[in-house]
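Chemist: This is the structure I have questions about; it appears just below.
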Amino acid sequence: MRESSPNKTCAYYGLPSPCLFVLAVDGTDGDTLWECALQPEFHWAQCGLQKDTGRKWDCLVSHSQPLQFTAIDKHTGQILWRQHKLPDLKYAMPVLSVPDLDGDKVGDVALVASDPTQTELVFLSGKTGEQIGSRVSLGSTKIINHRLYYTTEGSYYVLLQQESGLYGLSLWSIAAQAKAGMESSLKKDKRWEKNASGTSGLVTIYKSDSMKQVVMTEETDEMGQSNLLLVSGNEVALIGGKDLQLLWRFNTTSVLSQPSFGHFNKDGVLDIVIEDNIGNSTKREIILDGKSGGVLWEVNLFASPNSPRPDSIHTTNFFSIFVFWGVMPSAANFSVPLTSDQRSYLLHPLYSKVLLESTNDLDNIISFRATLMERGRHAAYILLTSSEKAGAEGTVVLRKQKLKHEVPFSKVLRTGPGEASATSEDIKEAFNRLRFSDW
């Protein structure tokens, strides 16, 4: 953990105070690599856009009052372009990384805005930020979320999540409406178009009266196709991306957070982690088989407020280490409010009847991610925390916590029969021997 603040003031950059600073820090020691001062007000930011597009920028920052977008090179902090001529609509993440539509050999982007009466999409040049063609109406229904999906036939579809279900609209038809001829490099998917409406062109993917989340699986099948994981009010369903057929469904009570992925078994298919609210401040942590939807592992935890969602880190042994947050019922102190008790748990699939518990003296956790820092050796948690309540102003702290550094100080908890021959030292040594890798 390292304390850091902008090296120069807003006035130095000719900006009113308060202004917005974007900073990049070194993953090794937390030193500031660069800082970039921007106009207020901050709306949202998205970094890590699709690679190999020819774009020289990686982060897009959205400002409100007035509306403006700023493209930043994540390696240098250099501002490459600004866009302030768009209509004052409520554009939302994610930014969609689309193919080159204006012929300048640089991949372009699309922004989606939605309100109760309409949903619109606008294309921007990835090279200059200028608008390409006209804004396109995607319908008169408000959407909850949107994604860009690439099919096995080489077609792009914008996925529109509505309260009534999930629908798709071909990028081909959107580009054609934005500017005649701009769709020439795109095409429709014949399998998907079998489910398309003759009037709106919308492809019905899945109908539900309580659609909550849509997540694309983080790996592709043997056909190079990612599938669609859908969370509704009382179930989780996996839809095959190739032909939009239901692969499996799993009944739930109320899923608390966005599902995550990891390899629990060694069948080569990513398994799915969900948190199901079962009442009385208790959540059921479940790992579902990615192939069948069957339960591979589960445990109940007390749910602390603002607990991060589960995450995982892949190992060179073809399984993942899973990270959960909460409080084990056997470890809970009912005289202390759960708001002050934040614990993390590590699960090793080869020792599935055991959890490694760490007590974390952390304040409000704003963001958490388990990540690979150095192939083979180094995996860590990245946490952004605040001493203030959620939504309040105050100092935030970005810290890195090495996974293996917590092992000697962790407590081994038995969650069920089994692993009796393995001592606490054996369990900890199994974690210490781990080597980490990308998926």
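Whatever position you read off the sequence shown (first residue = 1), add 101 for the numbering used here. For glycine and all other residues, C-beta sits at the position ideal for the given N, C-alpha and C. All of these numbers come straight from a predicted model, not from anything done at the bench.
Measuring only the C-alpha atoms, how far is L330 from E530?
Modeler: 35 Å
Chemist: I need the straight-line Cα distance from Y307 to S265, nearest angstrom please.
Modeler: 9 Å
Chemist: Could you tell me the alpha carbon to alpha carbon distance between V162 and M194, rounded to whole angstroms?
Modeler: In a straight line, the C-alpha of V162 is about 10 Å away from that of M194.
Chemist: Buried or exposed for R536, going by 16 or more other Cβ atoms inside 10 Å?
Modeler: exposed
Chemist: Using CA coordinates, which residue listed in L357, K501 and S488 is at the minimum distance from A471?
Modeler: K501
Chemist: Would you please state the rounded distance, in angstroms, between the beta carbons of L270 and L225? I believe it to be under 8 Å.
Modeler: Actually they do not touch by this definition, with Cβ atoms about 18 Å apart.
Chemist: Go ahead and pull the three-state DSSP assignment for S525.
Modeler: Correct three-state label for S525: helix.
Chemist: Residues in the same chain with beta-carbon distance under 6 Å from E48, minus the five sequence neighbours each way, listed in chain order, please.
Modeler: Residue 48 falls outside the range modelled here, since the chain spans only 102 to 540, and no answer is possible.
Chemist: By the DSSP assignment, the alpha helix (DSSP H) with W349 in it spans what residues?
Modeler: Here W349 belongs to no alpha helix (DSSP H); instead the beta strand (DSSP E) covers L347 to N352.
Chemist: Relative to the C-alpha of S459, which candidate in I466, S453 and Y446 has its C-alpha closest?
Modeler: Y446
Chemist: Can you list, in chain order, the residues of its chain with a C-beta nearer than 8 Å to that of N296? Leave out the 5 residues immediately preceding and following it.
Modeler: Closer than 8 Å at Cβ, skipping near neighbours: V304, T305, I306 and L345.
Chemist: Nearest by alpha-carbon distance to L611: which of D377, D174, T417 and E254 is it?
Modeler: It is not possible to answer for residue 611, since the shown part of the chain is limited to 102 through 540.
Chemist: Assuming S301 and G234 form a contact by the criterion Cβ under 8 Å, report the distance between their Cβ atoms to the nearest whole angstrom.
Modeler: The Cβ separation is near 20 Å, so there is no contact.
Chemist: Which class does V508 belong to by DSSP, given the choice of helix, strand or coil?
Modeler: Three-state result, V508: helix.
Chemist: Let me check understanding here. Comparing Cα to Cα, which of H506, L272, T252 and H247 lies closest to Q262?
Modeler: H247
Chemist: Once the 5 residues before and after V332 are set aside, which same chain residues still bring their CB inside 6 Å of it?
Modeler: Excluding residues within five positions, the ones whose Cβ falls inside 6 Å are K313, Q314 and V356.
Chemist: Is N328 buried or exposed, if buried means 16 or more other CB atoms sit within 10 Å of its CB?
Modeler: Buried.
Chemist: Hey, how far is the Cα of P438 from the Cα of G394?
Modeler: Here P438 scores only 45 on pLDDT, less than 50, and its place in the model should not be relied on; the value that follows carries that caveat. Each residue's alpha carbon lies about 35 Å from the other.
Chemist: In whole angstroms, what is the alpha-carbon distance linking S311 and G334?
Modeler: 5 Å
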